[in-house]
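These notes concern the structure reproduced below.
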Amino acid sequence: MSLLAVSGLTKRYRRGGGTVAAVDGVAFAIEPGETLALAGPSGSGKSTIARLVLRLTEPDAGTIQFEGADFRSLGGSALRARRARLQMVFQDPLAAFNPRATVARVLDDPLRIHGIASRTERPRRIAALLERVGLGADLAPRAIHEISGGQRQRVAIARAIATRPSLIVLDEAVSALDVSVRGRILDLLLDLQATERIAYLFISHDLGVVRAVAHRLVILDAGRVAESGDARAVIGNPQSAIGRALVAAAPRLNRTTAP
Ligand SMILES: Nc1ncnc2c1ncn2[C@@H]1O[C@H](COP(=O)(O)OP(=O)(O)OP(=O)(O)O)[C@@H](O)[C@H]1O
Ligand SMILES: [Mg+2]
1 MSLLAVSGLT
11 KRYRRGGGTV
21 AAVDGVAFAI
31 EPGETLALAG
41 PSGSGKSTIA
51 RLVLRLTEPD
61 AGTIQFEGAD
71 FRSLGGSALR
81 ARRARLQMVF
91 QDPLAAFNPR
101 ATVARVLDDP
111 LRIHGIASRT
121 ERPRRIAALL
131 ERVGLGADLA
141 PRAIHEISGG
151 QRQRVAIARA
161 IATRPSLIVL
171 DEAVSALDVS
181 VRGRILDLLL
191 DLQATERIAY
201 LFISHDLGVV
211 RAVAHRLVIL
221 DAGRVAESGD
231 ARAVIGNPQS
241 AIGRALVAAA
251 PRLNRTTAP
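Numbers 1 to 259, taken from the UniProt record's numbering, label the letters of the sequence shown in order.
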C-alpha cells in the first residue's frame, strides 16, 4: 500500500468568463521513506497539488489516499491524527509563522496541540528538536524575525518533524536559500529521511536539487503529468518536450548529465 496515492486529481479556477484547470487529472503515488519530486514550469500546478494533498484546498475531482484512508472522509480525532502524520515546509517561513513568535513557541504549538508532550516535558522536547536540526537550544527564546533564513528553515523542519510525520510536503523549501545553506539543509533532509523513514513530496523548479534528493520525478505541464519515472533517468534522458526544455534550462546539469 502506498503512503500517498492521488488519482484523477483536478482543480479548476475561474478565469475571465470561464474556468481553467490548474491541476488536470493528475495521478501519482509515494511509498514510505521515498522522495517524489514535482517539477515543471511556473504555473504548471505544483503548489496547487501541494495544497490539495495538505487539504488546504478541496479538489473538484479525484481521490487522495493517505495512509490507506480517504482524507476527505475523515473527521474529528481520526483527521487530527492523520494531520499530525502529514506536515509541510514552505519556501518562506516568515510568512508561515508569526514573525514575532519565539522559536520555542513555534515548536511548542504542535507538541501541545497534538498532545505529544506535557507542559513540563515540552522544553526538553523543544531542545531535542532544535538539536536534531542542528540548532542550539540557546535559539529557543529568539524571535523568528531575528534569526537567519537558514536557521528559520531549520526551525520549520523541526516543527514539521515534531509530530513524527510519515510525509512532509516541501514546496520550494530550499529555493530562497543561498547555495551553501541549501546544501546543508538538503543534507539534513536526507539524514532525517534515513533515520526516521520520512517520505517527501519535494517541489522544486531546480532539477539539480531534484537530482540530489529525489528518487522519482513527476514533470508537470499545464496541470498534467508530462512524464514521470526514476529521477536520474528522467533528468538524464527526458522524453517529453517540457522535460527536455527544463533540462536544457538547468545549466548546472548540462556539465554533469553524461553517464
Ligand atoms: N487561488 C487561486 N485562484 C486562481 N487561480 C489560481 C489560484 N492558485 C493558483 N492558480 C492558478 O493555477 C495555476 C497553477 O498555479 P500553481 O501556483 O499551482 O503553479 P506552480 O507550478 O506552483 O507555479 P510556481 O512555479 O510559479 O510556484 C496558475 O495558472 C495559477 O495562476
Ligand atoms: Mg508554486
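Using N, Cα and C, we set each Cβ at its ideal position, and we do this for glycine too. The structure presented is a predicted model; accordingly, all values stated were derived computationally and were not measured.
(message) Can you list, in chain order, the residues of its chain with a C-beta nearer than 7 Å to that of S44? Leave out the 5 residues immediately preceding and following it.
(response) L220, D221, A222, G223, listed in sequence order.
(request) Identify every residue that forms a DSSP beta bridge with Q87. (result) In the DSSP assignment, Q87 forms a beta bridge with I168.
(request) Report buried or exposed for Q91, applying the criterion of at least 16 other Cβ atoms within 10 angstroms of its Cβ. (result) It is buried - the Cβ of Q91 has at least 16 other Cβ atoms within 10 Å.
(message) For a minimum of 4 consecutive residues, which ranges assigned as the alpha helix (DSSP H) are wholly contained in the segment 15 to 97?
(response) Listed in chain order, they are 46 to 53, 76 to 85, 93 to 96.
(request) State yes or no: is the C-beta of residue 270 nearer than 7 Å to some heavy atom of ligand 2? (result) Past the edges of the chain, shown from 1 to 259, lies residue 270, and the structure says nothing about it.
(message) Closest to L129 by C-alpha separation, out of G115, D109, A162, I147, would be which residue?
(response) Out of G115, D109, A162, I147, A162 has the C-alpha closest to the C-alpha of L129.
(request) Whole angstroms is fine: what's the gap from E227's alpha carbon to A233's? (result) Using only the alpha carbons, I get a separation of about 11 Å.
(message) Measuring only the C-alpha atoms, how far is E34 from Q239?
(response) Taking C-alpha positions only, E34 is separated from Q239 by approximately 23 Å.
(message) Based on DSSP bridge pairs, tell me the residues matched to R224.
(response) For R224, which the question treats as bridged, DSSP gives the partners D221.
(request) Please classify I116: does DSSP put it in a helix, a strand, or coil? (result) In the three-state DSSP reduction, I116 falls in the coil class, being neither helix nor strand.
(message) Just to confirm my understanding: we take T256, look at its own chain, exclude 5 residues before and 5 after, and list those with CB closer than 6 Å. What are they?
(response) Note that T256 scores 45 on pLDDT, short of 50, meaning its location in the model is unreliable; the coordinates nonetheless yield the value given after this. For T256, same chain residues with a beta-carbon under 6 Å away, outside a window of 5 residues either side, do not exist.
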